[in-house]
Structure formats: C-alpha cells, structure tokens
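Read through the structure below, which is laid out as structure tokens, and then see the notes.
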Amino acid sequence: MEELVIRDADVVDGSGSDAYRADVVVDGGRIAGIVKEAAAAGCQRPKARRELDAEGLVLSPGFVDMHAHSDLALLRDPDHSAKAAQGVTLEVIGQDGLSYAPVDDRTLGEVRRAIAGWNGPGDDIDFDWRTVGEYLDRLDRGIAVNAAYLVPQGTVRALTVGWEDRAATPRELERMRQLVAEGLEQGAVGMSSGLTYTPGMYAPDAELTELCRVVASYGGYYCPHHRSYGAGALQAYEEMVALTREAGCSLHLAHATMNFGVNKGRAPELLALLDEALAAGSDISLDTYPYTPGCTTLAAVLPSWASEGGPEETLGRLADEGTSERIRHDLEVTGSDGCHGVPVEWDTIEISGVNDPALGEYVGRTIEESAAVRGEEPWVTARGLLLGDRLAPTILQHVGHEENVRAIMRHRVHTGGSDGILQGAKPHPRAYGTFPHYLGHYVRELGVLSLEECVAHLTSRPAARLRLPDRGLVREGYVADLVLFDPATVAAGSTFAEPRTLPTGVPYVLVDGRFVIEDGRRTDVLAGRAVRRTPPA
636 MEELVIRDAD VVDGSGSDAY RADVVVDGGR IAGIVKEAAA AGCQRPKARR
686 ELDAEGLVLS PGFVDMHAHS DLALLRDPDH SAKAAQGVTL EVIGQDGLSY
736 APVDDRTLGE VRRAIAGWNG PGDDIDFDWR TVGEYLDRLD RGIAVNAAYL
786 VPQGTVRALT VGWEDRAATP RELERMRQLV AEGLEQGAVG MSSGLTYTPG
836 MYAPDAELTE LCRVVASYGG YYCPHHRSYG AGALQAYEEM VALTREAGCS
886 LHLAHATMNF GVNKGRAPEL LALLDEALAA GSDISLDTYP YTPGCTTLAA
936 VLPSWASEGG PEETLGRLAD EGTSERIRHD LEVTGSDGCH GVPVEWDTIE
986 ISGVNDPALG EYVGRTIEES AAVRGEEPWV TARGLLLGDR LAPTILQHVG
1036 HEENVRAIMR HRVHTGGSDG ILQGAKPHPR AYGTFPHYLG HYVRELGVLS
1086 LEECVAHLTS RPAARLRLPD RGLVREGYVA DLVLFDPATV AAGSTFAEPR
1136 TLPTGVPYVL VDGRFVIEDG RRTDVLAGRA VRRTPPA
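Going by the numbering used here, the first residue of the sequence shown is number 636, and it counts up by one from there.
Structure, rendered in structure tokens:
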C-alpha cells in the first residue's frame, strides 16, 4: 500500500493551467498517482497508509528560490524554517559570483571575510571541502531543503588571478576555464557573477564570454548580477544579452530590477529589450523578489578601486585619512561603481545587521539617522562601521520602485528569487516572506498575477531553467516536492519591523515525499540533498 494520499486538494499543477480537484498519491518520494475529481465521480478512491484531508487547500509543486544566499545556513541551521516554512523545496546558491567552492586555503579565508555579511564568518562551520563536488557531497549528508549550486566566477578569479584589477594572462584564463568545467562536471547547474563585487567585477567581457562558452558546452546557464542596477542599468542588461548571445549560453538575470531615481518607471524599456532578444532566439529568464528595497553589504557600495586586493587591503585604505577622503568623494560626488554609478544617498541605506554585538545600536537606522545622533557626517559614521565591524555590516537599500516591481513580475520569463540574506538582527523580510508575499499580496490582494500563473512562475519555470526533468509540476512520476497552502490566508508574516516572523497559511511542505512542515510546524526531517546538473541529451 502506498505511503500517503492527499485527498480533495485543489491542484495548481505548475503548468499555468486551471486548478482541478484531485486525490494525489505519494510513494517512495514520488507522485505515484493523481485521481481527478475522485469524490464527484464516485470512483474507487486511492488508499494509503496515511490520508491527509486537503479540503480548502491548494496543492502545488514546491517553490524554487532561484536566488538564495543559504550557502552556510543550510549547514549551520538544520531547521531552516526561514525557507521551509515558505514552501521552498529547492534553493539555488553560489550566487553573485562569491561562494565557498572551488577554493584553496588562501582563497577560502579571503572569501569568508569578503562575504561574512551575507553568510556570517563561518566560525561554526567545518570547511571540510575544497571542490564543488565535495561541497555538494557535504550537502548530501542531509539538509532541510534541496539545493543547486552555481560556480561563482568571482571565487574562481580570486583562486586563479587574485583580487587585483588586471587582465588574466592566457594561462590564467585557461585555468579559470578548467575550474568552471570541473565545477559543472561535478554537478553545478551554471555559473554566477557579481559584477559590482570584487574581484569578479574586474573581468572584462572577453573573459566572461570565454567562461560562458564553457558553461554552454555543459548545458548550464549564466547568472550575472550585472554591472549596474542604477545609472547605466539598461546598458548593463544589454551587455549581458550580447555577451551570452556571442557565447551561445543561456542567460538568467539575477534580481532583475530597475532601481534608484534614474530608473523610476523604466521597467518597460528593460522588458522591450528582453522581448527583442527573445524574439531573436536568445534563451533568457530572470528572477525578482516582490519588494522595493534591496539588500547587500555596506562594503559593496565602495568604489572598486578601494576594494582591489581583497578585504585586508580595503580596510587599510579605509584607515588611511587621505585615501578615505578619496573614497568619500567617489561615493558622494562622483557616484561609485559599487553604488551602481549613482551618488550615494545615506538616508536610503539602513543597517540591517552587524557581526559585533557592540555595534548593535546602528541596526534599524539609516546611516544618516545614526550620523545625526552622533553629530557627525554620514561618511564618518559609515567609515567607522566598516572599520569597526571589518566590512561585515549588511544593509537595506531603499531605492526601488513599485511600478517596476509589478511590471517585471508579469513577464513571461519571470521566476521568483528571494535574494534572502539570513544574517543580521534585522534582515530583509524577503528572506522569510518572498513566496507567501507573492501569493498573498500580489495574487490575492492586488491581482497582479492569477494564482495559476504565479505558481508557474515559482515552480515549473525555474525547474525548466535548471533542466530538471522531474520537478516543478504535479505529475505522476515526478519528485514529491510539494506544498499545501490556504489561498485565503497565505501571507508573509515577516515585515521590516519584525523580519524573522514566519508566514501564515502554509500548513504542509513535503521534500522528497516527507513532511518538513506538518500542521504548520517544522519537523526534524532533513530530506534535502544537492540537486546536480542534468547533462544535456
């Protein structure tokens, strides 16, 4: 007898088609049967050792977070309710060109310092891997939800070239090509870049194109955080489209937003650019989070020249009075490349987390507010924080536009990504609320998307981008990564004031056919594993 039957669910199967009533049978981690309108038809209903009454609940595929920063959180926090409670059953990590494989001892230490604001310093982690394959094997020991990995181009460059702003030699470029190929052979689904983060931003287009040729040869995709989301954003998007077209590589645009005052109301221009490229045969998708503020580290807004050489060199420049003044001028007057070419507005930058508890008074305030309290200029406050917390502070950047958010999420190649940073006392609420917020706010309350369309954005579309042949739909034989939610009550509990509040209206989540959320509570099940690249046919 089968393990589980979910009775009388309103199935939204991920295809975009209309919902239907069905009994869904789960056995051996797979969907073993679907009996439509079983009760109404009076037919023999499936039996199982356990029956779950799903009256009033929607059954859909588990949600895929196409842009996650859970690289260490999956290992550190077996509970991981931040994602599991949302209905997320698969996260894509290794984002923005910086993560923890492939590395050597030197590079691992540098990367840990560089992205401590994203993932914590990692002092509680046993870094017993160096290659991509070894990291995926570590995930296979058991995690809360599944994870796919992108080879981080910035880490590859740090390992090969270092943190200097210079062109790679032919030998170094060949070594980078080999590292990307090895990562894909070991199971990565593609490659990411952070082209406003060092050292990835130092790569010229020709170098990126060569790496994308490797990605394309393995059937993977390129996921860039491109060179600007502010001044020059459209040109930055065009650059990525042209680069991947030349390389013959699929493109997935990370957190594809149009931010800062210069881009207010300009989402239609981006979408026209994408439509033209799609019509010409480019393979493009994108992800967004359903909020206007962004989130990154305070160090990320610094000009690239100030970050050359790695974290210790950056701290040295900040400590030097003359160099610090030059940094300030680039930030406040010129508009640094780290701040997307836009002069920084300190009243839009809110500190969301620090590593040093002694600096906790800054959390929840903008730089401008803290500076006013301290009676000093905002740059003095920002500089002191960067030095005192050794580049670790995370920030919310209040620079988005609601009309852009809504326009982009309607596009036919859109998928959902939280970009969720789980560090800090007041992280962005998207880390805990992205997927219920789509369903509750943008579907039920605003009607920006229909329920069926939204679920397709969050399930089958990302599964197709990841080339997963048996995920993303409610179909017989597919992996039973499933979520049951109440369409009348599903909502993000997280807010900017209380960002770690769990969502409502998501009582059941299954990973590999096992309940990780049951009756609205996290179980002790660790059914997640590394989801490796499927080789092209």
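Just so it is clear, CB atoms sit at the ideal spot from N, CA and C, and this is done for glycine as well.
Bear in mind the structure is a predicted one, so any value in this text is a computation, not a measurement.
N- and C-terminal bounds of the beta strand (DSSP E) containing residue i
i, result
"Val659", "655-662"
"Gln1032", "1029-1032"
"Leu593", "Since the displayed the chain opens at 636 and closes at 1172, residue 593 lies outside it and no answer follows."
"Glu686", "683-688"
"Ile984", "984-988"
"Val979", "No beta strand (DSSP E) contains Val979, which DSSP labels as neither H nor E."
"Glu1153", "1149-1153"
Identity of the residue in the options nearest residue i by Cα
i, options, result
"Gly854", "Glu845, Ala823, Pro925, Val746", "Ala823"
"Gln1058", "His1092, Ala751, Gly732, Pro681", "Ala751"
"Cys930", "Val1048, Gly1140, Gly1035", "Gly1035"
"His887", "Leu785, Leu966, Ala1066, Thr983", "Leu785"
"Val1048", "Thr831, Ala914, Asp775, Asp740", "Ala914"
"Leu1020", "Ala993, His861, Tyr926", "Ala993"
"Ala1173", "Val1144, Leu733, Pro696, Val1083", "It is not possible to answer for residue 1173, since the shown part of the chain is limited to 636 through 1172."
"Tyr872", "Tyr1113, Thr1158, Arg848, Leu908", "Leu908"
"Val1118", "Glu638, Gly651, Lys671, Val699", "Val699"
"Glu1080", "Val738, Ala1132, Ala1126, Glu769", "Ala1126"
"Val1090", "Asp645, Glu638, Gly651", "Gly651"
"Asp1116", "Asp712, Ala782, Gly1010", "Ala782"
"Asp763", "Val746, Ala736, Arg1045, Pro787", "Ala736"
"Ala749", "Thr932, Asp706, Gln788", "Thr932"
"Arg1106", "Leu687, Val647, Gly697, Gly663", "Gly697"
"Asp740", "Leu794, Ile778, Val1008", "Leu794"
"Pro1138", "Ala1123, Tyr1067, Glu1153", "Tyr1067"
"Asp714", "Arg665, Met701, Ala779, Gln679", "Ala779"
"Leu814", "Gly789, Ser939, Arg801, Thr1016", "Gly789"
"Gly818", "Pro787, Gly744, Ile919, Val767", "Val767"
Range covered by the alpha helix (DSSP H) that runs through residue i
i, result
"Val849", "840-852"
"Arg961", "956-964"
"Pro903", "902-914"
"Gly1051", "Per DSSP, Gly1051 belongs to no alpha helix (DSSP H); it is in the beta strand (DSSP E), 1049-1051."
"Ile919", "That residue, Ile919, is in no alpha helix (DSSP H); its beta strand (DSSP E) goes 919-923."
"Arg1168", "Where Arg1168 is concerned, there is no enclosing alpha helix (DSSP H), given that its DSSP letter is neither H nor E."
"Glu769", "767-774"
"Met1044", "1037-1044"
"Ile1056", "Neither: Ile1056 is in no alpha helix (DSSP H) and is coded neither H nor E."
"Ala736", "Where Ala736 is concerned, there is no enclosing alpha helix (DSSP H), given that its DSSP letter is neither H nor E."
"Leu743", "740-749"
Bridge partner(s) assigned by DSSP for residue i
i, result
"Ile669", "Val659"
"Gly929", "Gln1032"
"Phe698", "Val723"
"Leu785", "Gly825"
"Tyr1143", "Leu1119"
"Arg642", "Asp688"
"Thr969", "For Thr969, which the question treats as bridged, DSSP gives no partner whatsoever."
"Ile778", "Gly1163"
"Arg1156", "Glu1153"
"Ala703", "Gly1055"
"Glu637", "Ala683"
"Ala1126", "Thr1139"
"Val693", "Asp645, Phe1120"
Counted within 10 angstroms of its Cβ, other Cβ atoms place residue i as buried (16 or more) or exposed
i, result
"Met636", "exposed"
"Glu947", "exposed"
"His975", "buried"
"Ser1085", "exposed"
"Glu881", "exposed"
"Lys671", "exposed"
"Arg1065", "buried"
"Gly988", "buried"
"Glu726", "buried"
"Asp1159", "exposed"
"Glu842", "buried"
"Val968", "exposed"
"His704", "buried"
"Gln829", "The question names Gln, but residue 829 is Gly in the sequence shown. It counts as buried."
"Asp706", "buried"
"Leu1022", "exposed"
"Gln730", "buried"
"Ala1162", "buried"
"His1046", "buried"
Worksheet item: What alpha helix (DSSP H) runs, 4 residues minimum, are completely inside the stretch 1063-1105?
Response: 1065-1072, 1086-1093, 1095-1100
Worksheet item: Taking only runs of the beta strand (DSSP E) that begin and end inside the stretch 806-845, which ones reach a length of at least 3 residues, in chain order?
Response: 825-829
Discussion item. Threshold first: 4 residues or longer. Then list the alpha helix (DSSP H) segments lying entirely within the stretch 846-892, N to C.
Written reply: 868-882
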